[in-house]
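A short write-up of the structure that comes next.
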Amino acid sequence: MFLCVLKNIKLNYTQRVNYLEKTINYTNNMNKTIDNLAADNIRALAISMVEKANSGHPGGAMGGADFLHILYSEYLNFDPTEMDWAFRDRFFMDAGHLSALMYAQYHLLGNYTKKDLQNFRQWGSVTPGHPEVDVLRGIENTSGPLGQGHAMGVGAAIAAKFLDARFESLFTHKIYGFITDGGVQEEISQGVGRIAGHLGLNNFIMFYDSNDVQLSSMTDEVSSEDTTMKYEAWGWKVINIDGHDHDQIRKALDDANAETEKPTLIIGKTIMGKGCVLANGDIYEGECELHGKPIGDTKADFTKTLINLGANPESSFDVYTDVQAYYSEVLAKKTATAAAKKATIATWKAANPALASKMEMFLSGVLPDLDLSQVVQKANVATREASSAVLGYLAENVENMIVSSADLSNSDKTDGFLKKSSILEKNNFKGGFLQAGVAELTMTAIANGIALHGGVIPVVATFFVFSDYMKPAIRLAAIQELPVKYVLTHDSFRVGEDGPTHQPIEQEAQMRLMEKVKNHSGHQSLLALRPADAIETSVAWDMALKNTTTPTALILSRQNIKDIPAGTSRYQEATGAKKGGYLVKSVVNPDITLFANGSEVSTLIEAAAILEKENNLKVNVASIISEGLFKQQSAKYQESIIPKGKLVFGLTAGLPVNLEGLIGDSGKVIGLSHFGYSAPASVLDQKFGFNAESASKEILKYIQESK
Ligand SMILES: Cc1ncc(C[n+]2csc(CCOP(=O)(O)OP(=O)(O)O)c2C)c(N)n1
Ligand SMILES: [Mg+2]
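6 is the number of the first residue of the sequence shown in this note's numbering; add one for each residue after it.
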């Protein structure tokens with residue numbers, strides 16, 4: 006429809022004159038104007054995309070075009086022939102609504118076709134409304150939820166520093182971020198600002214598109230902070246510039262690149278909708294309404310604006326001839342620079358074969374040979390303790406892991422890793438532990454950035470109840486299919502005395518919901534494992550490490566758990582968890598099957614003993630470590646563990662819904678449907694009926710009711 010309108014547009018005399026005048030202007034001053042021409046071309050492409058899609062965000066894209074063009078044409082190092090080259094500079098977008106800006110810029114680089122731009126935001130296109138990670142086309146991260154993009158950028162900068170500390174200054178590439186008012190306002194920016202400043206991430210350079218406009222108001226209606234002072238207080242270098250002045254942009258990027266101690270924030274004052282004009286030709290910029298709708302739906306005039314930008318309204322998706330030629334040169338230069346660096350790396354590899362093969366292994370994502378059955382587990386310990394033992398083993402055997410905790414390392418037991426490693430510090434990234442401070446969301450988003458960078462495996466830890474604070478970043482890990490590992494301890498009301506604020510009730514259900522959501526590869530988007538005892542925790546860790554295509558949550562107990570009785574080899578038996586669930590106790594022709602995950606499994610084993618002794622019942626007990634994984638197994642296998650139409654009984658310390666998907670029509674689940682209370686865990690067990698005696702009574706009642 007829109008195309009038809011465009012085709013029918015005939016330029017009147019004044020428009021043609023304006024158009025020609027502008028074109029002539031460009032040729033008058035080649036050196037200066039090629040950059041203006043390129044930035045205007047990006048603006049024209051971006052607004053054409055939004056206009057054709059009849060949805061999107063033109064104004065911010067128009068404001069950010071100058072910075073992006075200068076960055077990409079003169080600073081960002083990458084190899085156009087190998088976009089996923091590990092040693093490339095990376096660009097992390099925070100403001101996903103500026104996707105049109107990125108696609109337009111990357112069209113000039115040849116990563117998107119004209120058709121891709123014309124299909125912006127359409128079904129099946131490679132140009133979705135908000136950018137979705139697509140490294141081969143230059144999209145380093147999925148963005149949209151404001152704030153997370155720059156946190157991922159800092160994660161990538163940490164990964165680069167980590168690798169650089171191990172491979173003799175090979176990973177000196179820069180990570181660039183692009184943030185807007187919304188991202189700066191998001192609470193996560195506090196964590197990001199603090200951590201980047203504290204760690205002295207001089208390899209992180211962020212442009213702040215400061216246009217004084219946001220979605221529904223001007224920024225002065227919501228904020229009167231001094232952003233420069235705020236970032237300086239966190240230890241950043243801050244440079245204020247006119248974000249449309251190319252020489253100021255260059256100077257700022259030069260200074261940022263020369264900085265050796267601090268991350269840099271370049272605050273660029275920009276104009277929302279830069280280049281927009283009214284039908285009468287008057288400038289119409291800086292308006293809130295230019296943020297999020299097609300230019301034609303605002304007071305600005307779309308055609309006049311295109312002409313003002315030097316575009317031909319009859320074919321506004323064209324790349325200007327001069328810009329095309331200029332970008333061919335740019336790409337040739339990038340390729341040559343990358344080739345030179347590749348030659349240096351090849352020389353280094355030849356001189357350092359052992360280190361080189363280690364580096365290759367890190368970058369390939371392949372783990373060294375691990376045997377988690379070798380991890381010595383103490384008897385009857387909490388699964389967080391068991392996880393600690395595994396982490397100690399990993400500290401010694403996996404050299405490319407960054408474990409982080411939000412100030413709970415001695416409680417979530419990631420200190421098992423820390424004791425054999427050391428913390429990441431400013432100017433010293435030899436260690437492998439990130440003390441994230443109390444910042445769960447930041448920590449989790451940083452982990453996504455570490456994973457996106459590649460070469461390093463991220464693990465993050467805190468109390469399970471605080472996974473609520475992590476959730477938005479867990480969701481982005483799931484969408485991006487990132488193999489981040491979450492260590493979530495204190496997994497039930499058995500936290501005890503700390504009371505309801507610290508006792509997870511609905512958190513497991515939330516994780517199980519993520520198991521039900523499929524990612525774009527068609528797989529379960531997250532794997533949530535709640536192991537039943539220490540050895541099963543070792544197996545769960547093995548599963549987590551081998552899961553390289555989705556995030557994995559390990560849900561672990563604070564309190565000690567009685568070990569599941571072993572047959573011949575407990576570890577071997579516990580590998581049944583790799584099917585999502587297996588029998589930990591089995592008899593021929595059982596009268597009933599009891600099932601649970603985590604600490605409730607051992608409660609059921611004790612309950613089974615009571616039922617067998619006192620009621621002469623034959624009982625099977627299953628540990629279903631992951632409902633999602635279990636349901637992926639054959640119907641026959643599932644049936645062999647939890648039979649259909651038979652007596653089946655589930656026990657969960659969380660909401661009953663955790664297990665209700667497994668019981669068919671005939672089963673019963675007992676869970677907890679209220680917040681917890683502050684009291685010793687054993688008292689809560691008693692009050693809530695979570696011991697073997699109470700469970701066995703409930704089971705008998707269910708058997709009676711079923712007759
Ligand atoms: C977490 C989150 N909250 C809300 C939004 C919706 N949203 C999209 S852009 C935006 C604010 C836009 O202001 P700014 O960041 O300054 O971008 P500009 O308008 O300058 O392009 C909001 C609230 C979002 N994308 N993410
Ligand atoms: Mg803004």
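Ideal Cβ placement from N, Cα and C applies to all residues, glycine included.
Do you know how far the Cα of residue j is from the Cα of residue i?
i, j, result
"residue 279", "residue 176", "37 Å"
"residue 371", "residue 585", "24 Å"
"residue 78", "residue 184", "19 Å"
"residue 393", "residue 697", "28 Å"
"residue 343", "residue 301", "42 Å"
"residue 45", "residue 293", "20 Å"
"residue 596", "residue 483", "40 Å"
"residue 48", "residue 121", "16 Å"
"residue 548", "residue 187", "38 Å"
"residue 471", "residue 448", "12 Å"
"residue 614", "residue 707", "17 Å"
"residue 388", "residue 539", "5 Å"
"residue 201", "residue 348", "32 Å"
"residue 3", "residue 555", "Residue numbering for the chain in the displayed model covers 6 to 712; residue 3 lies beyond these limits and cannot be assessed."
"residue 339", "residue 109", "19 Å"
"residue 661", "residue 218", "47 Å"
"residue 276", "residue 531", "41 Å"
"residue 162", "residue 170", "12 Å"
"residue 211", "residue 235", "15 Å"
"residue 105", "residue 350", "35 Å"
"residue 705", "residue 608", "15 Å"
"residue 642", "residue 619", "31 Å"
Is it the case that the Cβ atoms of residue i and residue j are separated by a distance below 9 Å?
i, j, result
"residue 214", "residue 65", "yes"
"residue 561", "residue 506", "no"
"residue 134", "residue 114", "no"
"residue 56", "residue 95", "no"
"residue 465", "residue 378", "no"
"residue 399", "residue 375", "yes"
"residue 566", "residue 533", "no"
"residue 99", "residue 154", "yes"
"residue 159", "residue 451", "yes"
"residue 541", "residue 569", "yes"
"residue 629", "residue 594", "no"
"residue 512", "residue 473", "yes"
"residue 164", "residue 458", "yes"
"residue 715", "residue 631", "Examination of residue 715 is not possible in this model, given that the chain is present from 6 through 712 alone."
"residue 189", "residue 232", "yes"
"residue 92", "residue 454", "no"
"residue 591", "residue 544", "no"
"residue 486", "residue 467", "no"
"residue 148", "residue 198", "no"
"residue 403", "residue 456", "no"
"residue 4", "residue 510", "The shown model of the chain, from 6 to 712, leaves out residue 4, and the question about it has no answer."
"residue 434", "residue 53", "no"
Just to confirm my understanding: we take residue i, look at its own chain, exclude 5 residues before and 5 after, and list those with CB closer than 6 Å. What are they?
i, result
"residue 251", "40 and 75"
"residue 130", "124"
"residue 690", "696"
"residue 653", "598, 647, 668 and 672"
"residue 686", "499, 501 and 564"
"residue 702", "none"
"residue 408", "419, 422, 438 and 464"
"residue 634", "585"
"residue 193", "152, 156, 446 and 447"
Apart from the five residues on each side of it in sequence, which residues of its chain come closer than 8 Å, Cβ to Cβ, to residue i?
i, result
"residue 89", "140 and 141"
"residue 246", "253, 254, 256, 257, 271, 272, 273 and 274"
"residue 205", "240, 266, 267, 268, 431 and 432"
"residue 178", "82, 92, 93, 94, 95, 165 and 208"
"residue 670", "650"
"residue 304", "283, 289, 292 and 294"
Residues in the same chain with beta-carbon distance under 7 Å from residue i, minus the five sequence neighbours each way, listed in chain order, please.
i, result
"residue 320", "none"
"residue 605", "656, 657 and 658"
* To do: Give every residue whose Cβ lies closer than 6 Å to any heavy atom of ligand 2, listed in chain order.
  => 185, 186, 216, 218 and 219
* Entirely enclosed beta strand (DSSP E) segments - the segment 487-554, minimum 3 residues -> 490-494 and 532-534
* Asked: What runs of the beta strand (DSSP E), each 3 residues or longer, lie entirely inside the segment 608-693?
  -> 624-628, 653-656 and 673-675
* **Contiguous beta strand (DSSP E) assignments of at least 3 residues, all confined to the segment 190-233** => 209-215
* Mind listing, in chain order, the continuous beta strand (DSSP E) runs of no fewer than 3 residues lying wholly within the segment 556-583? => 557-560
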